[in-house]
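Worksheet: one structure, shown below.
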Amino acid sequence: MEGPGGQEDRRAATTPETDKSQDIRVAAAARRSLLVVGALAACIATGLWWLRREPAMEISAPAEIAEARVRELPAQSIPRIPFTDITQAAGITFVHEDGSYGDKLLPETMGGGCAFFDFDGDGLPDLLLVNSQRWPWDQRPEERPATLALYRNEGDGRFTDVTQAAGLDISLFGMGVAVGDFDHDGHVDVFISALGKDRLFRNMGDGTFIDVTDQTGVGGGAEDWSTSCGWLDYNNNGLLDLFVCNYLKWSKEDDLAQDFQLTGGGRAYGRPQDFEGTFSRLYRNEGDGRFTDVSTEAGIQVRNPLTGQPMGKSLGVIFYDFDRDGWMDIVVANDTVQNFLFHNQGDGTFQEIGMMAGVAFDMAGAARGAMGIDVARFRNNQAVGIAIGNFANEATALYVSYDRNLRFIDEAIPTGLGPPTRNALTFGVFYFDYDLDGRLDLLAVNGHLESEINRVQASQHYEQPPQLFWNAGPEHGTEFCLVREQQSGSDLVRPLVGRGATFADIDRDGDLDVLFTGIAQSPRLLRNDQQAGHHWLRVRLKGIRSNRHAIGARVELDVAGRTLSRSVMPTRSYLSQVELPVTFGLGDLNEINAARVIWPDGTVQIIDPPAVDQTIIIHEDLSLSIGK
């Protein structure tokens, strides 16, 4: 028997010459074995071929090959629809305060939400702008603290600052806004997300708001960094619930300690990859002025399967019933981690299916830096498209699903949306029919995080032009066509550090005007001056059994053999809310064949086909059976 060192002794006793001789003999034997095995395999294969061979194929005369033809596409002609900057003329003097003072802390780059909503019930969309503030440790002199800003629409092209009179002259490190009537009193209330405590303001109906955050229980955690937010009725009880995205686990100390640097030197804003993720929050409306945080039991808290830590780094959110089962689903756009699709199970819970549905990653299986988001039936059929704005050098996504099947394919490249958006860093993004031709177009608001980015990346700029994409229709090779300055005017495409974006018909002429916000900049209010002569219809819903403003309802019009569908959902874009009425462009059509409302509980209400070129109000019919 060999001792403990026997094997080592044997290796030591073997000389290099002996090893070489043994290797030669072994290799020769192996080659002989392989030759024998190969010959046997060849014989077996030949036999099998002979037994299984098919009769010889008869060769006929070569078939005539059809001449290749290039498919001719219908001519495309992007309309000239000018947008005019009326910010100063309208009396809007707001300037966003980002809090920056030199240390480059990440929250300074992310704020700037906005909302159009009718706070005083006069039928005109008013404007709310969300502000951040100076840091508590910033010792620079300040004339007056930065606050939220509420502008009342006077109806003659002017807006009046009523912030102080309304009780909204509140300072906080604000991010986003959600508007909705949570207490069912007919007045639209305001929720503000922030770095730190969030705030809920109840609309008293007399032009003023009061802070009801503490009694309602929706303030969130003192360390939360909340971003996009929105109201929805996820359990179909007629009461608006609240979803709030949370971004990162952040602190000044962690940010400074990581010492982010630009290439070539100098402090840089940090990357989200270097911060921990967080959970978003879902608040259930109890109907008595209080909310319950049901995030855990509802299943919206997603953990990293490897670490068990919170996965989400959430910046954008939309609500939509994708499979049309009567229950509102939720899509969350995440920054540098996979996107979430929460499928409503109808029992108060959600199942996260983003990966199975195909919206979690790009086509290469990589997570992108996702920000703004919107969803619509942009082809006027059953196809549903989720548009998500992404970071620089990552194209905007366009996840398309067909026939309610919860399976999506990114069609950004074949539709023409992908290539023009690759260099842009996109935040706000939304669908709207800016030329009233009946097809939903897409607008994206862009801007970088780093003011010195051009010093290290020649293709990137801090201020970037917004991008408007005209929907040419699916019959064209390029479905989304980038609108140039000569077609939109210079005001629309003038660069800015874009963040929030919203739309409304501010002057009651039937077309949709837009507003952008920018970091440490004035917002940009753009009047739509289209003169295409297209017809239109605007619809405002009044819920009774449903929530008061019918958030989550759908309006459908049958015109010329197709169905136009628009959702009542203010939560879109990035940190922002659009107006509640829905707008249908009708092009040259002056007749509507049929019209109906699908209320949030699934009830279908048929209405008489309305005349075009007007705004109509539809009240919920309680005589109809629920879900019928």
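Quick note on our numbering: the sequence shown kicks off at 641 and runs consecutively. Ideal Cβ placement from N, Cα and C applies to all residues, glycine included.
{"Item": "Close beta carbons around Arg792, own chain, < 6 Å, minus the five adjacent residues each side", "Value": "Asp766, Thr800 and Val802"}
{"Item": "Element boundaries [alpha helix (DSSP H), containing Gly1058]", "Value": "Gly1058 to Thr1061"}
{"Item": "Cut-off 6 Å between Cβ atoms - residues of its own chain near Thr1203, not counting five sequence neighbours on either side", "Value": "Glu1196"}
{"Item": "Endpoints, the beta strand (DSSP E) within which Ser954 is located", "Value": "Ser954 to Tyr960"}
{"Item": "Contiguous beta strand (DSSP E) assignments of at least 3 residues, all confined to the region 991-1022", "Value": "1013-1016"}
{"Item": "Through-space distance from Asn1086 to Val819, alpha-carbon basis", "Value": "24 Å"}
{"Item": "Leu1132: first and last residue of the uninterrupted alpha helix (DSSP H) it sits in", "Value": "Ser1130 to Val1133"}
{"Item": "Arg1124 (DSSP reduced to helix, strand or coil)", "Value": "coil"}
{"Item": "Unbroken alpha helix (DSSP H) run spanning Asp1288, endpoints", "Value": "Since the displayed the chain opens at 641 and closes at 1268, residue 1288 lies outside it and no answer follows."}
{"Item": "Spatial neighbours of Ile1256 in its chain, beta-carbon cut-off 8 Å, leaving aside the 5 residues before and after", "Value": "Leu1177, Arg1178, Val1179, Arg1180 and Pro1250"}
{"Item": "Asn1045 to Gly816 span [Cα, whole Å]", "Value": "32 Å"}
{"Item": "Close-in-space but distant-in-sequence residues of the same chain around Ala730 (CB under 7 Å, 5 per side omitted)", "Value": "Gly797, Arg798, Phe799 and Leu1165"}
{"Item": "Three-state class that DSSP yields for Ile1093 in the structure shown", "Value": "helix"}
{"Item": "Spatial neighbours of Ile850 in its chain, beta-carbon cut-off 7 Å, leaving aside the 5 residues before and after", "Value": "Gly807, Phe841, Arg842 and Met844"}
{"Item": "DSSP-derived helix/strand/coil call for Thr1211", "Value": "strand"}
{"Item": "Residue from Asp1147, Phe1001 and Asp928 whose Cα sits closest to the Cα of His824", "Value": "Asp928"}
{"Item": "Endpoints, beta strand (DSSP E) assigned at Glu916", "Value": "Premise fails: Glu916 is in no beta strand (DSSP E) and is neither H nor E."}
{"Item": "Separation of Asp1261 from Ile1247, as counted between CA atoms", "Value": "10 Å"}
{"Item": "Element boundaries [alpha helix (DSSP H), containing Ser935]", "Value": "Ser935 to Ala938"}
{"Item": "Buried/exposed call for Glu926, threshold 16 Cβ in 10 Å", "Value": "exposed"}
{"Item": "For Thr1243, the three-state DSSP class (helix, strand or coil)", "Value": "coil"}
{"Item": "Whole-angstrom distance between Asn979 and Gln985, CA atom to CA atom", "Value": "19 Å"}
{"Item": "Per-residue burial, Ile940 [other beta carbons within 10 Å of its own, 16 or more giving buried]", "Value": "buried"}
{"Item": "Selected residue, minimal CA-CA separation from Thr733, among Gly1201, Gln1161 and Ile1232", "Value": "Gln1161"}
{"Item": "Between the CA atoms of Ser1041 and Gly1267 - distance to the nearest angstrom", "Value": "24 Å"}
{"Item": "Start and end residues, alpha helix (DSSP H) containing Lys892", "Value": "Lys892 to Ala897"}
{"Item": "Environment of Trp865 [buried if 16+ CB atoms lie within 10 Å]", "Value": "buried"}
{"Item": "Reduced DSSP category for Thr932 - H, G, I as helix; E, B as strand; rest coil", "Value": "strand"}
{"Item": "Every unbroken alpha helix (DSSP H) within the region 771-820, with a cutoff of 4 residues, ordered by chain", "Value": "803-806"}
{"Item": "Residue interval of the beta strand (DSSP E) (run including Ile732)", "Value": "First-last for Ile732: undefined, no H or E at that position."}
{"Item": "Classification of Gln1171 by the beta-carbon crowding that lies within 10 angstroms, buried from 16 upward", "Value": "exposed"}
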